[in-house]
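Asks: Dumping the structure here so I can ask a few things about it.
Numbering (the working numbering), first residue to last: 3 to 373.
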């Protein structure tokens, strides 16, 4: 039997599910809490109005906003509620930044060391010049194709997750050609090699998800693994919205959670600056406000022109996480603001800029709470 058949079947199912989904006639909207009417209106528009206007092409499953350590907005759509675990998709990569910071703080990880120092089973496959820092900054120079359902037949991501590489992600990634430090390119391959490094460090303690989430007092979570029980760091973490917001707060408090230091005070600053080899994107991508890609997080700088912010209405030290089909994490340390949005955007894009502006207007407005 051809082992590639299941991969192509899954790829085509994913492709057609995007274009053939039935639009909902109406959207279930559940407001848990809004501090004032401006925030209530922002939630209603995000969760109910936009999905109905777009006939289901853009859908919001959850909104959760923290301002100055206080929950100011929480709302759900499509039958979800506060206890549902939501798929982070590539916001899982953002979590790897926090875990790497924890490992450095614990004295278990040195970013300057070769990755094979932590993955001896791949010593004959990975170049010794490939460091953990290269993986953290997506600077492995790997020959990697980051395509999804719109390019299923030449996608390394789909082959890794569902095809020939599904049993051992790190082994599959190690078959690629690497030129460490030569360029910066978004790569789920780099993420899952980094995940393998981090898991090797905490394997005796039950794996890094167990260690990290216990320290953050997050009890309900899922982080799927490959057959070797290595977490799929690129894609497959699931959290409640309030717990993802809690991780966002960790960055606002410079690595502190309830008096416990998770990562160093300087970690966010050190890993939210560009890697030296990050160049501007080619035209026409250079025309769009695509953020600079740092140590597994995005910064509020346009890639290639760091003096230009992506969101001019947020502070310049704001950082972001972004996931497939509309998952968003926005952290503005100056305003002590965390915005979480979980979505299911198949044939459209959620107006995140306008939504954040409304949130900013709402948190600056005094008003009565609404439930």
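Note that the Cβ used here is the ideal one computed from N, Cα and C, for glycine as well. Please read these numbers as outputs of a predicted model, since none were measured by experiment.
Taking the beta carbon of residue 197 as the centre, do at least 16 other beta carbons fall within 10 Å, making it buried, or is it exposed?
Replies: Mapped onto the chain shown, residue 197 falls at position 195. Its Cβ being crowded by 16 or more others within 10 Å, residue 197 is buried.
Asks: So, helix, strand or coil for residue 248, using DSSP?
Replies: To locate residue 248, count along the chain shown from 1; it is residue 246. Correct three-state label for residue 248: helix.
Asks: Apart from the five residues just before and just after residue 23, which ones in its own chain have a Cβ nearer than 8 angstroms to its Cβ?
Replies: Numbered from 1 along the chain shown, position 21 holds the residue referred to as residue 23. No answer about residue 23 holds up, because its pLDDT of 45 lies below 50 and its placement is not dependable.
Asks: Identify the continuous alpha helix (DSSP H) that holds residue 31 and give its terminal residues.
Replies: To locate residue 31, count along the chain shown from 1; it is residue 29. Where residue 31 is concerned, there is no enclosing alpha helix (DSSP H), although the beta strand (DSSP E) it sits in stretches over 31-36.
Asks: Classify residue 25 as buried or exposed, calling it buried when 16 or more other Cβ atoms lie within 10 Å of its own Cβ.
Replies: One-based indexing of the chain shown puts residue 25 at position 23. The predicted model places residue 25 with a pLDDT of 48, which falls under 50 and marks its position as unreliable; any figure quoted below should be read in that light. Answer is exposed; the Cβ neighbour count stays below 16.
Asks: Please confirm whether residue 115 and residue 133 have their CB atoms less than 9 angstroms apart.
Replies: For the purposes of this step, residue 115 is identified with residue 113 of the chain shown, where counting begins at 1. For the purposes of this step, residue 133 is identified with residue 131 of the chain shown, where counting begins at 1. In contact: residue 115 and residue 133 (Cβ atoms closer than 9 angstroms).
Asks: Can you round the beta-carbon distance between residue 235 and residue 95 to whole angstroms, since I take them to be within the 8 angstroms contact cut?
Replies: On the chain shown, residue 235 is found 233 positions in, with the first residue counted as 1. On the chain shown, residue 95 is found 93 positions in, with the first residue counted as 1. So it is a contact: roughly 7 angstroms between Cβ atoms.
Asks: Helix, strand or coil for residue 307 per DSSP?
Replies: As a first step, residue 307 is located in the chain shown; it is residue number 305 there, counting from the start. Residue 307 falls in the strand class under three-state DSSP.
Asks: Do residue 64 and residue 79 have their CB atoms nearer than 9 angstroms?
Replies: For the purposes of this step, residue 64 is identified with residue 62 of the chain shown, where counting begins at 1. For the purposes of this step, residue 79 is identified with residue 77 of the chain shown, where counting begins at 1. Against a cut-off of 9 angstroms, the Cβ pair of residue 79 and residue 64 comes out as a contact.
Asks: Please go through the same chain and pick out, in chain order, the residues whose beta-carbon is closer than 7 angstroms to the beta-carbon of residue 201, but skip the five residues on each side of it.
Replies: Counting from one through the chain shown, the residue named residue 201 turns up at place 199. Only 209, 210, 232 and 233 meet the Cβ criterion.
Asks: What first and last residue would you give for the beta strand (DSSP E) that runs through residue 241?
Replies: As a first step, residue 241 must be located in the chain shown, where it is residue number 239. It spans 239-241 - the beta strand (DSSP E) in which residue 241 sits, taken as one unbroken run.
Asks: Across which residues does DSSP place residue 259 in a beta bridge pair?
Replies: Your numbering for residue 259 matches position 257 in the chain shown. Paired residues: 262.
Asks: In three-state terms, what does DSSP make of residue 334?
Replies: Here residue 334 is taken as the residue at index 332 of the chain shown, counted from 1. Reduced to three states, the DSSP call for residue 334 is strand.
Asks: Measuring CA to CA, which of 29, 151, 35 and 40 is closest to residue 366?
Replies: Against the chain shown, residue 366 aligns to sequence position 364. Closest by alpha carbon: 40.
Asks: Buried or exposed for residue 28, please, with buried defined as at least 16 other CB atoms from any protein chain shown within 10 angstroms of its CB.
Replies: In the chain shown, the residue the question calls residue 28 occupies position 26. The residue in question, residue 28, is exposed, as its Cβ has fewer than 16 Cβ neighbours within 10 Å.
Asks: Of the residues 33, 38, 175 and 37, which one's Cα is nearest the Cα of residue 50?
Replies: Within the chain shown, numbered from 1, the residue matching residue 50 stands at position 48. Here the closest residue by C-alpha is 33.
Asks: Within 10 Å of its beta-carbon, does residue 281 have 16 or more other beta-carbons around it, so buried, or fewer, so exposed?
Replies: Sequence index remark: in the chain shown, residue 281 carries index 279 (1-based). Classification for residue 281: exposed.
Asks: With a 10 Å radius around its C-beta and 16 neighbouring C-beta atoms as the bar for buried, classify residue 248 as buried or exposed.
Replies: Counting from 1 along the chain shown, the entry for residue 248 is found at position 246. Buried is the call here.
Asks: Verify whether the separation of the beta carbon atoms of residue 142 and residue 180 is less than 9 angstroms.
Replies: Here residue 142 corresponds to residue number 140 of the chain shown, with the count starting at 1. Here residue 180 corresponds to residue number 178 of the chain shown, with the count starting at 1. In this structure, residue 180 lies closer than 9 angstroms to residue 142 by Cβ.
Asks: By the three-class DSSP mapping on this structure, what secondary structure does residue 295 have?
Replies: Working through the chain shown from its first residue, we reach residue 295 at position 293. It is a strand residue.
Asks: By the three-class DSSP mapping on this structure, what secondary structure does residue 323 have?
Replies: Numbered from its first residue, the chain shown carries residue 323 at position 321. Residue 323 falls in the strand class under three-state DSSP.
Asks: Please state whether DSSP places residue 66 in a helix, a strand or coil.
Replies: Position 64 of the chain shown holds residue 66. If DSSP states are grouped into helix, strand and coil, residue 66 belongs with the strands.
Asks: Who are residue 344's beta bridge partners in DSSP?
Replies: Here residue 344 refers to the residue found at position 342 when the chain shown is read from its first residue. DSSP lists 64 as partners of residue 344.
Asks: What residue range does the alpha helix (DSSP H) around residue 421 cover?
Replies: Only positions 3 to 373 of the chain appear in the structure, and residue 421 is not among them; the question remains open.
Asks: Where do the N-terminal and C-terminal ends of the alpha helix (DSSP H) with residue 134 fall, by residue?
Replies: Residue 134 sits at position 132 when you count from the first residue of the chain shown. Where residue 134 is concerned, the enclosing alpha helix (DSSP H) stretches over 134-138.
Asks: In or out: residue 30 buried (at least 16 other Cβ within 10 Å) or exposed?
Replies: Indexing the chain shown from 1 puts residue 30 at position 28. Exposed, by the Cβ-count rule.
Asks: Return the CA-CA distance between residue 103 and residue 266, expressed in angstroms with no decimal places.
Replies: As a working mapping, residue 103 is identified with position 101 in the chain shown. As a working mapping, residue 266 is identified with position 264 in the chain shown. The alpha-carbon atoms of residue 103 and residue 266 are separated by roughly 7 angstroms.
Asks: Tell me the DSSP secondary structure of residue 160 in three-state form.
Replies: Counting from 1 along the chain shown, the entry for residue 160 is found at position 158. Of the three classes helix, strand and coil, the one that applies to residue 160 here is helix, per DSSP.
Asks: Once the 5 residues before and after residue 62 are set aside, which same chain residues still bring their CB inside 6 angstroms of it?
Replies: Here residue 62 refers to the residue found at position 60 of the chain shown. The answer, listed in chain order, is 48, 49, 79 and 345.
Asks: Less than 8 angstroms between the CB atoms is what I'm expecting for residue 186 and residue 295, so what's the real figure, rounded?
Replies: On the chain shown, position 184 is the one that residue 186 refers to. On the chain shown, position 293 is the one that residue 295 refers to. Residue 186 to residue 295, Cβ: 6 angstroms. Contact.
Asks: For residue 333, tell me which candidate among 283, 343, 325 and 321 has the shortest Cα-Cα distance.
Replies: Along the chain shown, one-based indexing puts residue 333 at 331. That would be 321, whose Cα lies nearest to the Cα of residue 333.
Asks: Whose CA, out of 245, 92, 72 and 71, lies closest to the CA of residue 326?
Replies: Here residue 326 corresponds to residue number 324 of the chain shown, with the count starting at 1. Minimum Cα distance to residue 326 is reached at 92.
Asks: How many Å lie between residue 150 and residue 165 at the Cα?
Replies: Counted from its first residue, the chain shown places residue 150 at position 148. Counted from its first residue, the chain shown places residue 165 at position 163. Answer to the nearest angstrom: the Cα atoms are 13 angstroms apart.
Asks: Starting from the C-beta of residue 254, find all residues in its chain whose C-beta is less than 6 angstroms away, skip the five residues before and the five after it, and write them out in chain order.
Replies: Locating residue 254 in the chain shown gives position 252, counting from the first residue. Excluding sequence neighbours, residue 254 sits near 335 and 338.
Asks: To the nearest whole angstrom, what separates the beta carbons of residue 257 and residue 44, a pair I think is in contact under 8 angstroms?
Replies: Here the question's residue 257 lines up with position 255 in the chain shown. Here the question's residue 44 lines up with position 42 in the chain shown. About 30 angstroms; that fails the 8 angstroms criterion.
Asks: Buried or exposed for residue 158, please, with buried defined as at least 16 other CB atoms from any protein chain shown within 10 angstroms of its CB.
Replies: Numbered from 1 along the chain shown, position 156 holds the residue referred to as residue 158. By the neighbour-count rule (16 or more Cβ atoms within 10 Å), residue 158 is buried.
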